[in-house]
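K.L.:
In full-length UniProt numbering, the protein residues as written are 1 to 337.
#1: Measuring only from the beta carbon, is residue 77 closer than 7 Å to any heavy atom that is part of the ligand FAD?
#2: CA-CA distance, residue 205 and residue 95?
#3: State the DSSP-derived secondary structure class of residue 215, mapped to helix, strand or coil.
#4: Within its chain, find whatever has a CB closer than 7 Å to the CB of residue 214; leave out the 5 residues flanking it on each side and keep chain order.
#5: Check residue 271 in the structure and name its three-state DSSP category.
#6: Could you tell me which of 12, 16, 24, 220 sits nearest to residue 292, measuring between CA atoms?
#7: Could you give the residue range of the alpha helix (DSSP H) that holds residue 61?
#8: Can you tell me the Cα-Cα spacing of residue 175 and residue 208, whole angstroms?
#9: Give a yes or no on whether the C-beta atoms belonging to residue 48 and residue 80 are separated by under 8 Å.
#10: Can you give the beta carbon distance from residue 183 to residue 134, rounded, assuming they're within the 8 Å contact cut?
#11: Do you know how far the Cα of residue 26 is from the Cα of residue 14?
#12: Which runs of the alpha helix (DSSP H), 4 residues or longer, sit entirely within the region 186 to 234?
#13: To the nearest angstrom, report how far apart residue 212 and residue 193 are at their CA atoms.
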């Protein structure tokens with residue numbers, strides 16, 4: 001009789017358990033590890049308070065929002081990007097909306113392409129606060145062009161900026177962290193760093209390179225358990241990255257910048273990133289549905305993922321050729337003549 005009760009309970013429990021997980025997944029906007037950390041893990045306000053954080057690409061988009069939220073957490077900041085006036089604007093906003101003082105934020109202009117300057121920039125950053133607790137590699141550019149129409153110089157520029165620029169900054173900061181025995185290096189990759197997407201062959205390649213590099217680097221640092229190597233893989237997020245993408249020629253601007261309404265808010269994406277950093281999450285998948293489904297499909301059902309990617313990719317290319325924004329193409333009907 002006892003065995004019958006157990007079997008009966010399991011008969012009800014297992015379907016209910018699976019149904020709850022399914023419902024959670026339908027409404028999820030991050031992988032389950034990250035969502036669990038957001039529910040039961042350390043709060044960024046507690047864990048990141050007082051830490052020194054160096055953000056590249058801090059003048060707009062995800063980098064700018066990182067600065068704002070970290071300032072509210074009480075982190076001391078080093079803000080880097082090419083445009084010094086925009087960095088000063090971000091600093092001013094941080095000071096107005098947090099308890100930080102002027103000396104708690106260093107504006108440090110930086111060009112990821114000027115690798116010969118990176119050693120001196122890192123020395124300046126380390127000297128200013130005495131140490132760096134977290135480096136967030138956020139700087140980079142995306143791409144909107146078809147391979148058959150794209151100059152090879154664009155691919156070189158994407159790898160120089162997104163991959164080698166990031167590796168170069170990491171190269172200057174990591175020895176400082178190994179000497180201290182602790183620190184975090186957090187790199188913003190992308191959904192297309194795990195999968196592929198049309199119109200972004202070079203961008204995807206640069207993000208795949210980052211994934212491979214940091215996954216390998218993480219294993220090299222096994223003797224430094226207090227150094228976190230984390231990669232962040234956002235799906236579509238509201239930012240200015242689309243207006244600054246590479247096209248088929250190096251200096252040719254993108255023709256269409258579509259609506260950002262369907263994308264995840266920058267504030268939500270950054271909040272999840274900070275939760276992941278505070279809880280030592282090594283890889284973060286951040287995206288609304290149906291994009292989150294792609295992460296899991298590519299990981300666990302690649303044959304299915306290929307079929308879906310081919311279907312949506314064909315639509316994306318058709319809409320792009322019709323003059324629609326690449327990101328909103330999934331949600332917009334193509335133009336008809």
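We put the beta carbon where it would ideally sit given N, CA and C, even for glycine.
In this text, all values refer to a predicted model and were calculated from it rather than measured experimentally.
P.N.:
On the basis of the supplied data:
#1: By its list of ligands, the structure shown contains no ligand whatsoever, and the ligand FAD lies outside what it can speak to.
#2: 38 Å
#3: helix
#4: 187, 229, 231
#5: helix
#6: 24
#7: 61 to 73
#8: 24 Å
#9: no
#10: 7 Å
#11: 18 Å
#12: 201 to 220
#13: 9 Å
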